[in-house]
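Numbering (the working numbering), first residue to last: 247 to 485.
What follows is the structure in structure tokens.
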């Protein structure tokens, strides 16, 4: 009798522990380090727009930083980094921290002027794949170039008021183009992904100002990219 009671207690304890484990796994969120600052872009006004969308999904926990030294060690506390800066430079320790983070399995999302940052770092250029070369502007159509990738599957071509970034590409980089634009002589890729070591890299040239950040399809594209960079099933943000 005592043995039967003991077995019952053990079974109940195992069930409770398993339920707690499942609940903890369900409640776990992707930890996002949102690096922003520098240059002429309205990073104070734009970044909260996307942060609200990420928070509303229930799957992400966002932390802002404007401190490049957080790339040295603190970055390892996070799952992915979202990058929206302009014209800043990395020192050797910051470069090593960021690139090793992605190489070792972290996720990276670069938005717009991220490619116009850290131009003193060849390793960063290789990781992202493109370095800012110039831009146009106005309203234009973003074409879904690769409709098979989970990030863009089901998306339709969309219009956006934005800048039309063009890039110089690193000789060692291999990217998969997801979207592009076509307007006269401007026929460049506007979004691509790649793998860097064990990590996943997503970049979009869209995202100059608030009109672009408020565009629902831009938001869908970046949030889908965040799920993908984190190694999760791609989902749309809540409407």
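Note that CB positions come from ideal geometry on N, CA and C, so glycine has one too.
Considering only DSSP beta bridges, list what residue i is partnered with.
{"i": "residue 431", "result": "DSSP lists no partner for residue 431."}
{"i": "residue 335", "result": "DSSP output for residue 335 lists no bridge partner at all."}
{"i": "residue 407", "result": "385"}
{"i": "residue 353", "result": "326, 446"}
{"i": "residue 425", "result": "390, 437"}
In this structure, does DSSP put residue i in helix, strand or coil?
{"i": "residue 272", "result": "Here the model assigns residue 272 a pLDDT of 46, short of 50, so the residue's position is not dependable, and the following value carries that caveat. It is helical."}
{"i": "residue 385", "result": "strand"}
{"i": "residue 480", "result": "coil"}
{"i": "residue 416", "result": "coil"}
{"i": "residue 358", "result": "helix"}
{"i": "residue 471", "result": "helix"}
{"i": "residue 460", "result": "coil"}
{"i": "residue 485", "result": "coil"}
{"i": "residue 450", "result": "strand"}
{"i": "residue 373", "result": "helix"}
{"i": "residue 400", "result": "coil"}
{"i": "residue 378", "result": "strand"}
{"i": "residue 364", "result": "coil"}
{"i": "residue 455", "result": "coil"}
Tell me the rounded alpha-carbon separation between residue i and residue j.
{"i": "residue 472", "j": "residue 305", "result": "10 Å"}
{"i": "residue 321", "j": "residue 475", "result": "15 Å"}
{"i": "residue 380", "j": "residue 484", "result": "34 Å"}
{"i": "residue 425", "j": "residue 451", "result": "10 Å"}
{"i": "residue 314", "j": "residue 279", "result": "11 Å"}
{"i": "residue 457", "j": "residue 468", "result": "15 Å"}
{"i": "residue 375", "j": "residue 274", "result": "31 Å"}
{"i": "residue 369", "j": "residue 341", "result": "8 Å"}
{"i": "residue 480", "j": "residue 405", "result": "23 Å"}
{"i": "residue 464", "j": "residue 360", "result": "16 Å"}
{"i": "residue 401", "j": "residue 390", "result": "7 Å"}
{"i": "residue 420", "j": "residue 449", "result": "13 Å"}
{"i": "residue 478", "j": "residue 357", "result": "20 Å"}
{"i": "residue 284", "j": "residue 334", "result": "6 Å"}
{"i": "residue 339", "j": "residue 366", "result": "13 Å"}
{"i": "residue 281", "j": "residue 428", "result": "30 Å"}
{"i": "residue 407", "j": "residue 398", "result": "20 Å"}
{"i": "residue 470", "j": "residue 440", "result": "15 Å"}
{"i": "residue 317", "j": "residue 308", "result": "15 Å"}
{"i": "residue 299", "j": "residue 382", "result": "28 Å"}
{"i": "residue 387", "j": "residue 396", "result": "21 Å"}
{"i": "residue 362", "j": "residue 430", "result": "24 Å"}
Measuring CA to CA, which of the options is closest to residue i?
{"i": "residue 296", "options": "430, 330, 429, 420", "result": "330"}
{"i": "residue 332", "options": "408, 438, 288", "result": "288"}
{"i": "residue 409", "options": "387, 349, 454", "result": "454"}
{"i": "residue 354", "options": "402, 373, 420", "result": "373"}
{"i": "residue 344", "options": "359, 376, 480, 364", "result": "364"}
{"i": "residue 413", "options": "437, 466, 300", "result": "437"}
{"i": "residue 277", "options": "328, 299, 290, 293", "result": "328"}
{"i": "residue 394", "options": "411, 384, 423", "result": "423"}
{"i": "residue 350", "options": "324, 356, 357, 334", "result": "324"}
{"i": "residue 293", "options": "417, 460, 428", "result": "460"}
{"i": "residue 443", "options": "317, 371, 433, 348", "result": "348"}
{"i": "residue 418", "options": "312, 319, 377, 384", "result": "377"}
{"i": "residue 319", "options": "346, 301, 446, 302", "result": "346"}
{"i": "residue 311", "options": "290, 447, 303", "result": "290"}
{"i": "residue 392", "options": "362, 462, 435", "result": "435"}
Is the shortest distance between the beta-carbon of residue i and the beta-carbons of chain D less than 8 Å?
{"i": "residue 350", "result": "Of the protein chains in this structure there is only one, and it is not chain D."}
Is residue i near the ligand GTP - that is, is its Cβ less than 7 Å away from at least one heavy atom of it?
{"i": "residue 348", "result": "The ligand GTP is absent from the structure shown, which contains no ligand whatsoever."}
task: Please specify which runs of the alpha helix (DSSP H), each continuous and at least 4 residues long, are wholly inside the stretch 276-330, giving them in chain order.
output: Taking only runs of at least 4 residues, the alpha helix (DSSP H) segments lying wholly in the stretch 276-330 are 289-303.
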